[in-house]
Amino acid sequence: MSKTEPLLIEIGVEELPAIPLIKILNQIEKSWQDILKEYRLESNFNFYYTPRRLVLEHNSIPLKQPNNIVEFFGPPLEIAVKNGKATKAGEGFARKCGVEFDKIETTKRGNREILYYKKEEIGKDTKKLLQEMILEWVESMNFGKSMRWGSYSFEFIRPIRWLQVRLDRDIVDVELFGVKSSNKTYVHRMVTFDSVEVGDIKEFEDILQNGKVTLSQAKREQIVLDDLEKIEDENGVEIERDKALLREVIAITENPKALLGRFDREFLELPKEVIIASMKEHQRYFPVFKDGELDSSFVFVSNGVTSDYSKIIKGNERVLKPRLSDALFFYHNDLKRGLVTDGLENITFIDGLGSLIDKIEREKYIAKELATLYMEKLKDETKREESELLELIEEAITLAKADLTTEMVYEFTELQGLMGYYYAKALGKDELVCSAIKEQYYPVGENSPLPSSLFSAIVAMSIKLDTLIGLFSIGKIPTGSKDPFALRRAVNGIIRMVEEFDLEFNINDILDRTSKLYKEYNKKQLEEFILERLKKALRVNPSIITAVLSSGERDINRIIKKTKALDKTLTKEQFSIFKRVANISKDVDLEKELIVDTSLFEKDIEGELYSKYLEIVSKDYSTYQDRLKALFGLGSILDRYFDEVLVHSEDKRLRENRQNTIALIYKSLLEIADIKYISI
7 MSKTEPLLIE IGVEELPAIP LIKILNQIEK SWQDILKEYR LESNFNFYYT
57 PRRLVLEHNS IPLKQPNNIV EFFGPPLEIA VKNGKATKAG EGFARKCGVE
107 FDKIETTKRG NREILYYKKE EIGKDTKKLL QEMILEWVES MNFGKSMRWG
157 SYSFEFIRPI RWLQVRLDRD IVDVELFGVK SSNKTYVHRM VTFDSVEVGD
207 IKEFEDILQN GKVTLSQAKR EQIVLDDLEK IEDENGVEIE RDKALLREVI
257 AITENPKALL GRFDREFLEL PKEVIIASMK EHQRYFPVFK DGELDSSFVF
307 VSNGVTSDYS KIIKGNERVL KPRLSDALFF YHNDLKRGLV TDGLENITFI
357 DGLGSLIDKI EREKYIAKEL ATLYMEKLKD ETKREESELL ELIEEAITLA
407 KADLTTEMVY EFTELQGLMG YYYAKALGKD ELVCSAIKEQ YYPVGENSPL
457 PSSLFSAIVA MSIKLDTLIG LFSIGKIPTG SKDPFALRRA VNGIIRMVEE
507 FDLEFNINDI LDRTSKLYKE YNKKQLEEFI LERLKKALRV NPSIITAVLS
557 SGERDINRII KKTKALDKTL TKEQFSIFKR VANISKDVDL EKELIVDTSL
607 FEKDIEGELY SKYLEIVSKD YSTYQDRLKA LFGLGSILDR YFDEVLVHSE
657 DKRLRENRQN TIALIYKSLL EIADIKYISI
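In structure tokens, the structure reads:
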């Protein structure tokens with residue numbers, strides 16, 4: 007068993023940018039794990055980071071690699087040796103093994119005798135390996151962007167300024183990008199700019215803590231969370247715990263302290279999302295709420311070292327004020343201008359699909375088609391007349407992108423749609439129109455909210471459909487993992503809305519209704535693209551979806567319902583019986599009328615099966631699942647039928663009559679799915 011010692015690796019850098027660091031944290035840790043495995047030095051470690059350092063701590067790491075047995079397998083003996091002498095293939099294998107050919111042995115692999123060599127590699131000292139291990143680790147960190155500094159040619163996310171590589175008290179001779187390992191570290195700049203000596207690595211964390219650096223990111227996070235809770239208790243407020251923002255402030259602080267600041271109440275005139283965006287995006291502030299409403303205060307996390315934080319609080323309040331003043335100025339200007347589409351004709355949507363005004367015109371046509379298709383549902387939901395609804399949908403589509411030319415959205419692009427909602431409300435627009443503008447991009451992700459009404463869903467679907475069909479019509483089709491226009495997400499959104507609002511949505515019908523708006527394109531290709539997304543969304547046995555699609559069904563809503571019904575209803579026992587039904591029916595022409603002559607029945611079970619079948623198909627069922635349960639209920643009768651009746655009788659009349667009986671059952675199932683495609 008190799009001896010072990012504690013290991014400390016500290017790479018000191020200029021301030022790391024938070025977002026690139028956060029994105030690859032898991033990769034950084036896993037990379038070191040992989041390197042330890044590669045070098046046969048696997049051991050437990052902790053990875054820490056602050057804005058100015060990346061740290062690995064091992065309580066114990068082997069001081070030497072274990073010896074390793076390496077096996078080499080070579081070419082077949084008849085190829086490696088000719089006339090008692092090594093061929094070039096044999097000599098090459100010996101060179102690879104680093105020995106003379108006479109040291110090579112043979113072994114059996116399968117039925118062939120092949121060249122074989124085994125040797126023991128003596129483990130190397132850990133000290134001698136750390137240089138290449140650390141360099142490999144650093145070079146594995148892909149931050150996206152790197153920089154050079156000084157006269158050096160190497161690159162890293164930020165310049166490296168100091169380096170500690172320590173095995174217990176010893177300084178390991180390692181050099182990284184021109185910086186040599188030492189026993190020095192740096193604490194918080196507001197404590198001292200000078201380096202601090204680390205005599206024993208067991209004291210490392212205490213030295214940092216005394217220098218106002220909390221090394222553990224988990225401890226820094228807990229400090230912030232405790233501060234937030236204290237502020238809430240003392241002020242009777244609620245602070246939003248934005249996980250992404252919390253991770254970011256943890257990554258940019260070494261001595262975190264959460265503090266409460268305030269802003270003038272006049273700024274609460276702004277939509278709350280504007281204030282929150284201004285605080286989060288630009289300042290990394292946490293919004294504060296009181297009695298469920300946004301409060302005129304905020305929380306920020308200081309990295310300072312002081313006994314009096316009042317100046318730091320005032321400084322942050324001064325920084326936020328002009329940002330909110332600008333936002334209020336933009337807001338008032340936009341309200342004076344109104345929600346207009348002037349200027350959208352000068353903004354290109356995508357080359358080949360015209361301007362945003364052109365897109366709006368296409369969306370209006372699609373929305374009218376969808377509204378007509380779903381009019382009865384719309385009227386039931388809204389209690390409005392058809393003419394009014396069509397006018398309102400056209401208005402919602404017309405104004406949906408009007409906020410793209412506003413000063414507020416120019417400053418805060420992530421608020422597009424939302425600002426249109428607020429401006430529409432301020433202008434007294436119908437609530438249906440306002441909500442549709444707000445929800446036009448819904449859903450934006452797999453688990454994100456759906457539109458709150460069918461009216462809004464029609465607007466959102468029209469926008470997604472135009473983007474989807476339009477891009478296919480100009481050949482901008484996703485390939486592999488590349489989907490720059492988020493067309494897969496658009497289809498996922500349409501599928502979710504169709505299911506949520508229980509809408510008829512025959513893919514071919516919708517594409518036919520809208521085809522005149524676009525250049526001629528491959529509808530079959532788009533249909534397959536939509537169906538592929540549907541298959542991934544359903545998350546059931548893929549063969550069940552194939553069975554439903556093989557029945558000819560192309561209505562998204564019915565495909566979903568049929569697939570889920572079949573998935574819940576079909577058992578393995580039923581499957582084997584009805585697979586036999588499908589196999590017997592393949593010899594029957596299902597297009598012709600299937601006539602069953604009851605006078606040809608020879609067994610009681612024939613009459614029992616046919617009577618039960620007629621009883622089942624004569625009823626109406628509220629769901630596909632109920633219909634399937636009834637049809638699959640024939641399973642026990644069919645089981646007895648196949649035991650007692652020879653379907654493929656030598657008598658042609660009997661054979662055809664029995665095949666027609668079975669084919670009727672199959673044909674009824676075919677209205678839901680073609681079960682011959684199912685595999686369980």
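In this text, residue positions in the sequence shown follow the numbering used here: the first is 7, and each later residue adds one. Think of the CB as a built atom: it goes at the ideal place given N, C-alpha and C, for glycine as much as any other residue.
DSSP three-state assignment for residue i, whether helix, strand or coil
i    : result
T347 : coil
Y55  : strand
F528 : In the sequence as displayed, the identity of residue 528 is Asn instead of Phe. Coil, per DSSP.
F273 : helix
G499 : helix
R154 : coil
A92  : strand
V305 : strand
N318 : A small correction: the amino acid at residue 318 is Ile; Asn does not occupy that position in the sequence shown. Three-state result, I318: helix.
Y683 : helix
V2   : The structure shown does not extend to residue 2, since the chain is modelled only from 7 to 686, so the question has no answer here.
A264 : strand
K124 : strand
P490 : coil
Y619 : helix
V87  : strand
L47  : coil
S201 : strand
S188 : coil
Integer-rounded CB distance, given that residue j should sit under 8 Å from residue i
i    : j    : result
M153 : E161 : 6 Å
F491 : T473 : 7 Å
L456 : L398 : About 20 Å; that fails the 8 Å criterion.
Buried versus exposed, by CB contacts within 10 Å (16 or more), residue i
i    : result
H654 : exposed
I353 : exposed
L27  : buried
T569 : buried
S49  : exposed
Y428 : buried
P57  : buried
N32  : exposed
K130 : exposed
D595 : exposed
T411 : buried
F99  : buried
M139 : buried
Q531 : exposed
I686 : exposed
Q714 : Past the edges of the chain, shown from 7 to 686, lies residue 714, and the structure says nothing about it.
T604 : exposed
D357 : exposed
R664 : buried
H194 : buried
I128 : exposed
Contacting residues, own chain, Cβ-Cβ under 6 Å from residue i (five flanking each side not counted)
i    : result
I177 : S187, N189
K263 : S308
R172 : L14, I207
F478 : Y527, L532
Neighbourhood of residue i by C-beta distance below 8 Å, restricted to the same chain and skipping five residues each side
i    : result
V705 : This structure cannot settle anything about residue 705, because the visible part of the chain is limited to 7 through 686.
R661 : V653, H654, S655
Y698 : Because the chain is modelled from 7 through 686, residue 698 falls outside the range shown and cannot be assessed.
Q215 : L221
Contact under 9 Å by Cβ, residue i with residue j
i    : j    : result
L493 : I483 : yes
I513 : E533 : yes
A571 : I678 : yes
R502 : A543 : yes
T347 : L405 : yes
K244 : F295 : Before going further, note that residue 244 is Glu rather than Lys in the sequence given. Yes.
A466 : M414 : no
S361 : E375 : no
7 Å Cβ shell around residue i - same chain, five flanking residues per side excluded
i    : result
E203 : N189, K190
I551 : K541, L544, T569
E510 : L379, D561, N563
F3   : Nothing about residue 3 can be reported from this structure: the residues present for the chain run from 7 to 686 only.
D340 : T412, E413, M414, Y429
beta-carbon residue i near the ligand GTP non-hydrogen atom, thresh 8 Å
i    : result
V546 : Here there are no bound small molecules, and the ligand GTP is not part of this structure.
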